[in-house]
């Protein structure tokens with residue numbers, strides 16, 4: 011079974027399953043299973059389902075963002091999203107720590123608390139605030155923690171994304187994008203997880219330290235790619251129409267030249283026939299004249315014989 015047919019069957023399977031689920035938690039479980047499946051690499055049909063889109067702005071919205079990541083994103087996008095969430099959270103905690111300290115110091119001063127009691131009160135409030143912030147940041151994280159099968163899938167999709175625009179992928183770039191530490195690990199990944207899976211074909215060039223892509227399966231179209239795709243198809247259509255007009259003109263020219271050639275051939279054949287007839291008639295006239303001359307010669311010989319005296 012080829013990869014396209016297998017993809018179609020899996021897409022249909024998960025679309026039916028996701029469509030039949032009404033509970034958000036159960037739907038999230040289906041999405042995790044779909045993004046973990048070792049043979050599924052297209053997710054736009056699942057992403058377009060109404061009940062999937064309804065996860066937006068809910069407590070399970072992270073799973074919608076996860077599905078979008080697998081449809082259009084890469085491993086680097088995932089790392090960046092997690093890092094940004096962590097960085098923003100840390101910055102917020104630092105700022106909040108300063109603000110809480112200032113507020114509690116002023117409040118304790120207002121209550122005329124001694125230094126020990128004031129410090130203890132500030133510590134308790136800061137700890138409670140910190141715990142509340144951690145919970146909020148965790149809920150605000152737009153992507154859930156990926157399981158190993160999802161990580162593998164996302165790295166496979168990353169290779170497909172890189173292969174869309176470049177047919178020669180340097181090892182250094184691949185190792186950076188895939189978080190691979192050495193060439194052996196990278197080549198094993200490309201062979202075992204990409205080429206054997208049927209999503210790419212190519213040649214590993216150890217001398218040049220690159221992967222030469224010969225074929226790569228296509229990914230789901232990103233929204234920002236639709237304009238370029240439409241423009242490309244429009245240009246192709248315009249070029250095809252111009253080429254068709256040119257071909258039709260050449261066909262007309264070829265037909266006209268064929269008619270001219272036929273007429274010329276007919277004229278030549280008619281002239282040849284006329285020449286043949288002329289030659290044949292001339293030959294007949296010549297032969298008739300020759301026969302007449304031969305008969306006249308015979309009469310003259312007979313008259314000469316009669317005029318000779320007998321002995």
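In this note's numbering, the protein residues as written are 11 to 321. Glycine included, every Cβ here is placed at the ideal spot set by N, Cα and C. It should be emphasised that the depicted structure is a prediction, and the values quoted were computed from it without experimental measurement.
Notebook entry, point to check: Can you tell me whether residue 289 is buried or exposed, with buried defined as 16 or more other CB within 10 angstroms of its CB?
Noted result: Taking the chain shown and counting its residues from 1, the one referred to as residue 289 is at position 279. Taking every protein chain shown into account, the CB of residue 289 has fewer than 16 other CB atoms within 10 angstroms, so this residue is exposed.
Item checked: Three-state secondary structure assigned by DSSP to residue 62 -> To locate residue 62, count along the chain shown from 1; it is residue 52. If DSSP states are grouped into helix, strand and coil, residue 62 belongs with the helices.
Next item on the list: Answer yes or no: do residue 168 and residue 187 have a C-beta to C-beta separation smaller than 7 Å?
Entry: Locating residue 168 in the chain shown gives position 158, counting from the first residue. Locating residue 187 in the chain shown gives position 177, counting from the first residue. Contact check for residue 168 against residue 187 passes: the beta carbons are separated by less than 7 Å.
Notebook entry, point to check: Sorted by chain position, which residues of the same chain lie with C-beta nearer than 7 Å to residue 211's C-beta, five sequence neighbours on each side aside?
Noted result: Residue 211 sits at position 201 when you count from the first residue of the chain shown. Once the five neighbours on either side are set aside, the close Cβ partners of residue 211 are 205, 224, 225.
Next item on the list: Mind checking which residues open and close the beta strand (DSSP E) that includes residue 7?
Entry: The displayed coordinates of the chain run from 11 to 321. Any statement about residue 7 would go beyond what the structure contains.
Notebook entry, point to check: Just how far apart, CA to CA, sit residue 329 and residue 281?
Noted result: Lying outside 11 to 321, the shown extent of the chain, residue 329 is not represented and no answer is given.
Checklist line | 4-residue-minimum alpha helix (DSSP H) runs that sit fully inside the stretch 174-216, ordered along the chain | finding: Taken in chain order, the whole alpha helix (DSSP H) runs of length 4 or more contained in the stretch 174-216 are 181-188, 193-199.
Note to self: Contact between the stretch 173-188 and the stretch 213-223 is defined here as three or more beta-carbon pairs at a separation below 8 Å; is this criterion met?
What the structure shows: Two segments are said to touch when three or more pairs of C-beta atoms, one from each, lie closer than 8 Å; by this definition the stretch 173-188 touches the stretch 213-223.
Next item on the list: Please say whether residue 31 and residue 25 have beta carbons closer to each other than 7 Å?
Entry: Translated into the one-based positions of the chain shown, residue 25 becomes position 15. Translated into the one-based positions of the chain shown, residue 31 becomes position 21. In this structure, residue 31 does not lie closer than 7 Å to residue 25 by Cβ.
Next item on the list: Throw me the rounded Cβ distance for the residue 162 and residue 203 pair, which I believe falls under 8 Å.
Entry: Residue mapping note: residue 162 aligns to position 152 of the chain shown, counting from 1. Residue mapping note: residue 203 aligns to position 193 of the chain shown, counting from 1. Taking the Cβ atoms as the reference, residue 162 lies roughly 6 Å from residue 203, within the contact range of under 8 Å.
Check: Given that a residue counts as buried once 16 or more other Cβ atoms are within 10 Å of its Cβ, and exposed if not, what is residue 53?
Finding: The sequence position of residue 53 within the chain shown is 43, counting from 1. Its Cβ being crowded by 16 or more others within 10 Å, residue 53 is buried.
Check: Which residues in the same chain have their Cβ closer than 6 Å to the Cβ of residue 84, if we skip the five residues on either side of it in sequence?
Finding: Walking along the chain shown from the start, residue 84 turns up at place 74. The beta carbon of residue 84 sits closer than 6 Å to the beta carbons of 168, 171 from its chain, once the five residues preceding and following it are set aside; these are given in chain order.
Note to self: So for residue 258, helix, strand or coil by DSSP?
What the structure shows: Looking up residue 258 in the chain shown gives position 248. Residue 258 falls in the helix class under three-state DSSP.
Margin query: Do residue 227 and residue 209 count as a contact pair if the criterion is CB distance below 7 Å?
Written below: In the chain shown, counting from the first residue as 1, residue 209 sits at position 199. In the chain shown, counting from the first residue as 1, residue 227 sits at position 217. Contact check for residue 209 against residue 227 passes: the beta carbons are separated by less than 7 Å.
Notebook entry, point to check: Could you give the distance in angstroms between the alpha-carbon of residue 42 and the alpha-carbon of residue 193?
Noted result: As a working note, residue 42 is residue 32 in the chain shown. As a working note, residue 193 is residue 183 in the chain shown. Approximately 31 Å between the Cα atoms of the pair.
Next item on the list: Report the three-state DSSP secondary structure of residue 67 (helix, strand or coil).
Entry: Reading the chain shown from its first residue, position 57 is the one you call residue 67. Note: residue 67 maps to coil in three-state DSSP.
Note to self: Helix, strand or coil, according to DSSP, for residue 155 in the structure here?
What the structure shows: The residue you call residue 155 lines up with position 145 of the chain shown. Coil, per DSSP.
Notebook entry, point to check: What is the C-beta distance between residue 17 and residue 65, in whole angstroms, given that I count them as a contact (C-beta under 8 Å)?
Noted result: Here residue 17 corresponds to residue number 7 of the chain shown, with the count starting at 1. Here residue 65 corresponds to residue number 55 of the chain shown, with the count starting at 1. Wrong, their Cβ atoms sit about 24 Å apart, outside the cutoff.
Checklist line | Rounded separation between residue 78 and residue 57 - CA only | finding: Counting from one through the chain shown, the residue named residue 78 turns up at place 68. Counting from one through the chain shown, the residue named residue 57 turns up at place 47. Each residue's alpha carbon lies about 7 Å from the other.
Check: In the DSSP assignment, what residue or residues form a beta bridge with residue 52?
Finding: Locating residue 52 in the chain shown gives position 42, where the first residue counts as 1. For residue 52, which the question treats as bridged, DSSP gives no partner whatsoever.
Check: Between residue 285 and residue 276, what straight-line distance do the alpha-carbon atoms span, to the nearest angstrom?
Finding: Residue 285 sits at position 275 when you count from the first residue of the chain shown. Residue 276 sits at position 266 when you count from the first residue of the chain shown. A straight-line Cα-Cα distance of about 14 Å links residue 285 and residue 276.
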